[in-house]
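K.L.:
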Amino acid sequence: MKVVLINGSPRKRGCTYTGLKIIQDRLSENQVDSEIIHVGNKPIIGCTACQKCTKLGKCFYSDDLVNEAADKIREADGVILGSAVHYASITGAASSFFDRLFYSMPSEDLRLKFGASVVSCRRAGASTAFDQLNKYFTIRQMPVVSSNYWNQIHGNSPAEVYQDVEGVQTLEVLADNMAYLIKCCHASNVPVPQEEPKAFTNFIR
Ligand SMILES: Cc1cc2nc3c(=O)[nH]c(=O)nc-3n(C[C@H](O)[C@H](O)[C@H](O)COP(=O)(O)O)c2cc1C
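Number 49 in UniProt numbering belongs to position 49 of the sequence shown; there are no gaps in the numbering.
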């Protein structure tokens, strides 16, 4: 049982990382393995809509960790996306990284894996960024795991994150819920529903 967590903040060990680490520690207490991937602090190219991924089964661009993250997600049971809030949205790096990751991955590598999102902010804009992250799951047949509040942590430094007692609890409950659902799936012999061929109409009919 494994969960891949992706830190979409340019700051490697900042507030988003601290939130993800709180989740990672709780997953570990639940005997679920995990790995945190950092998108890096160098410019990340966004999706250029080249469509080469439809033939390659992976993103054409290989200057960053997008395809490496895809390989790790393929072997995992769950994915947790994290981002700092920049102007009430996810960071530019997170947007570029997650657009290419979720557009290029074949359906069978994502479908019915659990997803959850975490955002860190100093003061406001968390809800819009949180909604933005959850969109990546809900277009790829990934059940979204929730907690007892929207998954947000407040602070401008890791020390401040730990002062957000309610935020810390939200992330710990989220980890417990994801671990429970993953264990349920592993214990079950209910067959996975057959995938339907995708209907694709550009609002023409
Ligand atoms: C360019 C930029 C824009 C930001 N915009 C917001 C914002 O809209 N709302 C907010 O509360 N904090 C905002 N912040 C603060 C960060 O979201 C906050 O400090 C966050 O916890 C940092 O996470 P990190 O350490 O993982 O990068 C912004 C920070 C930067 C650098």
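Idealized CB from N, CA, C, for every residue including glycine. Predicted, not measured: the structure shown is a model, and the values here were computed from it.
Please confirm whether F98 and Y136 have their CB atoms less than 8 angstroms apart.
P.N.:
Yes; because the gap between Cβ atoms is below 8 angstroms, this pair is in contact.
K.L.:
Can you tell which of I37, L181, G92 has its C-alpha closest to the C-alpha of P43?
P.N.:
Here the closest residue by C-alpha is G92.
K.L.:
Would DSSP call V4 helix, strand or coil?
P.N.:
In the structure shown, V4 sits in a strand (DSSP, three-state: E or B).
K.L.:
How would you label Q24, buried or exposed, when you count the other beta carbons within 10 angstroms and need 16 or more for buried?
P.N.:
Q24 should be labelled buried.
K.L.:
When you compare each of N134, K12, Y61 to S104 by their alpha carbons, which one comes out closest?
P.N.:
When only C-alpha atoms are compared, the closest one is Y61.
K.L.:
Do Q141 and L112 have their CB atoms nearer than 8 angstroms?
P.N.:
Yes, they are a contact pair.
K.L.:
For ligand 1, is there any heavy atom lying closer than 7 angstroms to the beta carbon of N156?
P.N.:
Flag set: Cβ of N156 near ligand 1.
K.L.:
Check the C-beta distance from F114 over to P143 and give it rounded, since I have them as a contact under 8 angstroms.
P.N.:
Confirmed, about 6 angstroms.
K.L.:
State the start and end residues of the unbroken beta strand (DSSP E) segment that holds S83.
P.N.:
Taken as a continuous stretch (DSSP letters only), the beta strand (DSSP E) holding S83 covers 78-86.
K.L.:
May I ask which residues mark the beginning and end of the alpha helix (DSSP H) holding A69?
P.N.:
Note, A69: alpha helix (DSSP H), 66-74.
K.L.:
According to the neighbour-count rule (16 or more other Cβ atoms, all chains shown, within 10 Å of its Cβ), is L56 buried or exposed?
P.N.:
Result: exposed.
K.L.:
Looking at the unbroken alpha helix (DSSP H) that takes in residue 237, where does it start and where does it end?
P.N.:
The question about residue 237 has no answer, for the chain in this structure spans 1 to 205.
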